[in-house]
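The structure appears below as structure tokens.
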Amino acid sequence: MVRSLWSAATGMNAQQTNVDTIANNLANVNTTGFKAQQAEFKSLLYQDLNSVTTTANGDPKPTTSQVGLGVRTAALTQLFSQGSLLDNPSTSAFAISGDGFFSYNDADGNAVYTRNGDFIWAIGNAEGTELVLTTSDGNPILSTEGEEIRLEGGIISNRISVGADGTIYYPDEEGVPQEVGFRIGLWQFQNPGGLERVGSTTWKVSAASGPAINEAEDDNVQSSIIRQGYLEGSNVNVATEMVNLIVAQRAYEMNSTAITTTDQMMQTANRLKQ
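Per full-length UniProt numbering, residue 1 is the first one in the sequence shown, and the count goes up by one each step.
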């Protein structure tokens, strides 16, 4: 019966992690570019009570008696399904339709990746004649060449347009859009689920994800589409998360009941001894 106490306790711990994951998903339901997570569980070791053997008459006993020792959290799977595209009046708002990621360098100079396209055109020099495309935190976005996107010449930000492939345009004197020499970079991964999350909407490369694949340089990947004037909303499905929350709560209660029942059985056994 002590075994049942520990098995039920592992179940309660696992469901607590499950509830924490669901709560984090619901808390980020309005976070731009957020990708939901899902708790995955794995059974612990089994203890043999009766191994495969034969009877005294030599008859085979092909089945064993094994009892489980509980459960543990195996992984928190990241779900990279497409979020809804939400209209945004800003000309520096970009949503990705496809599997691509934007990229920028963090404070340590390491490339990180995001689906949050809520960017701004920031002043890049003291004279105010240069614009830099950055995240809302001021990190410069990288082009397909891995360079910071800096536009010079007193360009007006609300006249900048971006094509579906990320090419940046600015109108000439006659109002005809002309390429300015930069293209917003997009990267993909063989296994995006293996990316290491370093923020609510930011990831970095890991051994499990594989190296970043530049869409502009690899013809073997399906190119993503950039939508100017849109932002990608969270892919959290509130109805699904609420159902999962109820299931997790009931599972937690059942494990708690198993502990209570085991305690009552042990109390009964103690009274029999007396």
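Glycine included, C-beta positions come from ideal geometry on N, C-alpha and C.
About 5 Å separates the beta carbons of Thr32 and Asp118, which is inside the 8 Å limit, making them a contact pair. With a cutoff of 8 Å on beta-carbon distance, Ser143 and Trp121 are scored as not near each other.
Under DSSP, no beta-bridge partner is assigned to Thr261. In this structure Ala208 is exposed. Its beta-carbon is surrounded by fewer than 16 other beta-carbon atoms within 10 angstroms. Taking the CA atoms as reference points, Glu173 sits about 14 Å from Ile160. Assignment of beta-bridge partners to Tyr113 by DSSP yields Ser103 and Trp203. DSSP places Gln66 within a strand segment (E or B) once states are collapsed to three. Rounded to whole angstroms, the gap between the alpha carbons of Gly175 and Tyr169 is 11 Å. Classified as exposed, Asn191 has fewer than 16 neighbouring CB atoms from the shown chains inside 10 Å of its CB. In the three-state reduction of the DSSP assignment, Ile155 falls in the coil class. The Cβ neighbour count for Lys35, taken over all protein chains shown within 10 Å, is at least 16; the residue is labelled buried.
Taken through DSSP and simplified to helix, strand or coil, Gln82 comes out as coil. In the structure shown, Val176 adopts coil according to DSSP, grouped into three states. Contact between the region 175-184 and the region 62-76 is absent: fewer than 3 CB-CB pairs across the two stretches fall below 8 Å.
In this structure the region 97-116 touches the region 130-141; the number of beta carbon pairs closer than 8 Å is three or more. Excluding residues up to 5 positions away in sequence, Gly100, Leu186, Trp187, Gln188, Val221, Ser223 and Ser224 lie with their Cβ nearer than 7 Å to the Cβ of Glu215 in the same chain. Annotation for Glu241: Ile22, Asn25 and Leu26 place their beta carbon closer than 7 Å to its own, counting only its chain and skipping 5 residues before and after. Taking 8 Å as the cut-off, the beta carbon of Phe94 is found closer than this to the beta carbon of Arg227. With respect to the 8 Å criterion, Val29 and Val198 are not classified as neighbours on the basis of their beta carbons. With at least 16 other beta carbons inside 10 angstroms of its own, Gln37 counts as buried. Minimum Cα-Cα distance from Asp165 among the listed residues Asn105, Lys42 and Glu179 corresponds to Glu179. In the assembly as shown, Ser81 is an exposed residue. Its beta-carbon has fewer than 16 other beta-carbons within 10 Å.
Val132 places its beta carbon less than 8 Å from that of Glu148. Exclusion of the five residues before and after Ala251 leaves Gln15 as the residues of its chain whose Cβ lies within less than 6 Å of its Cβ.
DSSP places Gln15 inside the alpha helix (DSSP H), whose first and last residues are Val2 to Ala27.
Spatial neighbours of Ser84 in its own chain (CB-CB distance under 7 Å, excluding positions within 5 residues in sequence) are listed in chain order as Gly233.
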